[in-house]
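Protein chains in written order, with this note's numbering: chain A, 46 to 156; chain B, 9 to 122. The next block holds one structure in the form of structure tokens; read it before the comments.
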Amino acid sequence: DQQVKQNSPSLSVQEGRISILNCDYTNSMFDYFLWYKKYPAEGPTFLISISSIKDKNEDGRFTVFLNKSAKHLSLHIVPSQPGDSAVYFCAADTNAGKSTFGDGTTLTVKP
Amino acid sequence: NAGVTQTPKFQVLKTGQSMTLQCAQDMNHNSMYWYRQDPGMGLRLIYYSASEGTTDKGEVPNGYNVSRLNKREFSLRLESAAPSQTSVYFCASSSRDRGSYEQYFGPGTRLTVT
């Protein structure tokens, strides 16, 4: 039973347009959500997070939206740049000391 | 600051051999983690350590042991390697202070078991 799901294995967008990456979760005990970015042959790097008491968090070109009633979060990248091409992982945390990760979405931004 | 370092970067083992993957962090973090990532899949937690002297099983602990040697170091041991343990292994650390849950990852160890 996968508690964090990223249903789109891949996404391709044109440079300058918006990229929207989605993530669904099933465990209502999750209270903190994170997005990580991963380039090939490197470890994941933290991108942005959101607490369950908020519905939006912005950091430059990156915005995360949380819809608790739908158990859904999304990452918006505006404008998308070729350097954003990477695998993006959604993760959820219960304050129990560990995070649960989704399987990732590979984003390709075409020049 | 080096962040999180892992050794070795690559390793090839024969079935039944043992090895220890080393991880160290210089960020004074309390929590440390070991994950494996298989092709097309996310990160699955093997073991984690919330603080020096404590370790807990994650989602896929079978076939592995860990040691939290001190606050900086967290090692992962494969006692008898199996082909199913072929994977990329990532170590991570986190402070978990003041509601900060983000983890910092090492570059990974690519392990092949033949």
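C-beta: ideal position from N, C-alpha, C; glycine also.
Close Cβ partners of residue i (< 6 Å) along its chain, the five nearest in sequence each way excluded
| i | result |
| --- | --- |
| A137(A) | V49, Y70, F75, F78, T145 |
| F110(A) | K101, S119 |
| T28(B) | S83, R85 |
| D148(A) | Q51 |
| I93(A) | W80, D104, F107, V109 |
Chain B residues whose Cβ lies nearer than 7 Å to that of residue i
| i | result |
| --- | --- |
| G105(A) | Residues of chain B passing the Cβ test: none, with the nearest at roughly 16 Å. |
| K101(A) | Residues of chain B passing the Cβ test: none, with the nearest at roughly 17 Å. |
| D46(A) | Neighbours of D46(A) on chain B: none; closest Cβ ~11 Å, over 7 Å. |
| D129(A) | None at all; the shortest Cβ gap to chain B is about 19 Å. |
Residue environment, residue i, which counts as buried when at least 16 other CB atoms sit within 10 Å
| i | result |
| --- | --- |
| Q59(A) | exposed |
| K155(A) | exposed |
| P89(A) | buried |
| A10(B) | exposed |
| I122(A) | buried |
| S57(B) | buried |
| Y97(B) | buried |
| I98(A) | exposed |
| S55(A) | exposed |
| S57(A) | exposed |
| K82(A) | buried |
| T117(B) | buried |
| L152(A) | buried |
| S73(A) | exposed |
Contacts around residue i, its chain only, beta-carbon distance under 8 Å, and the 5 residues preceding and following it disregarded
| i | result |
| --- | --- |
| L53(B) | Y41, W42, Y43, G66, E67, V68 |
| I63(A) | H121, I122, V123, P124, S125 |
| L21(B) | M27, L86, A89, L119, T120, V121, T122 |
Interface partners of residue i on chain B, CB under 9 Å
| i | result |
| --- | --- |
| F91(A) | E110, Q111, Y112, F113 |
| F110(A) | Those do not exist, as F110(A) stays about 18 Å from chain B at its closest Cβ, beyond 9 Å. |
Rounded Cβ spacing between residue i and residue j (contact assumed at less than 8 Å)
| i | j | result |
| --- | --- | --- |
| Q7(B) | S108(B) | The structure shown has nothing for residue 7(B), since chain B only spans 9 to 122. |
| I65(A) | S119(A) | 6 Å |
| Q19(B) | G114(B) | Not quite, the Cβ-Cβ distance comes to about 14 Å (not below 8 Å), so this is no contact. |
| R104(B) | N38(B) | 6 Å |
| T63(B) | Y55(B) | 6 Å |
| L51(B) | F134(A) | 7 Å |
Cβ neighbours of residue i in the same chain (closer than 7 Å, five flanking residues each side left out)
| i | result |
| --- | --- |
| E87(B) | S26, N73 |
| G71(B) | L86, A90, Q93 |
| G24(B) | S88, A89 |
| K12(B) | For clarity, residue 12(B) is Val in the given sequence; the question names Lys instead. Cβ within range, chain order: C31, Q33, C99, A100, S101, Y112, F113, G114. |
| P127(A) | E60, V154, P156 |
| K113(A) | S97 |
Residue i: contacting residues in chain A (beta-carbon distance under 9 Å)
| i | result |
| --- | --- |
| F98(B) | G88, P89 |
Partner residues on chain A for residue i, Cβ-Cβ distance less than 8 Å
| i | result |
| --- | --- |
| Y56(B) | G142, K143 |
| L77(B) | Those do not exist, as L77(B) stays about 19 Å from chain A at its closest Cβ, beyond 8 Å. |
Contact list for residue i against chain B, beta-carbon separation under 8 Å
| i | result |
| --- | --- |
| S94(A) | Y109, E110 |
| G61(A) | The premise fails here: G61(A) is roughly 28 Å from chain B at the closest Cβ pair, so nothing lies under 8 Å. |
Contact set between residue i and chain A, taken where Cβ atoms lie within less than 7 Å
| i | result |
| --- | --- |
| G61(B) | None at all; the shortest Cβ gap to chain A is about 14 Å. |
Min CB distance residue i to chain D below 7 Å
| i | result |
| --- | --- |
| L29(B) | The question asks about chain D, but that chain is absent: this structure's protein chains are A and B. |
In chain order, which continuous runs of the beta strand (DSSP E) of length 3 or greater are located wholly inside the region 36-107 of chain B?
Within the region 36-107 of chain B, the complete beta strand (DSSP E) runs of at least 3 residues fall at 39-45, 51-57, 72-76, 82-86, 95-102.
Quick one: complete beta strand (DSSP E) runs, 3+ long, within the region 68-126 of chain A?
Counting whole runs of 3 or more residues, the region 68-126 of chain A contains the beta strand (DSSP E) stretches 77-83, 90-96, 101-104, 107-112, 117-122.
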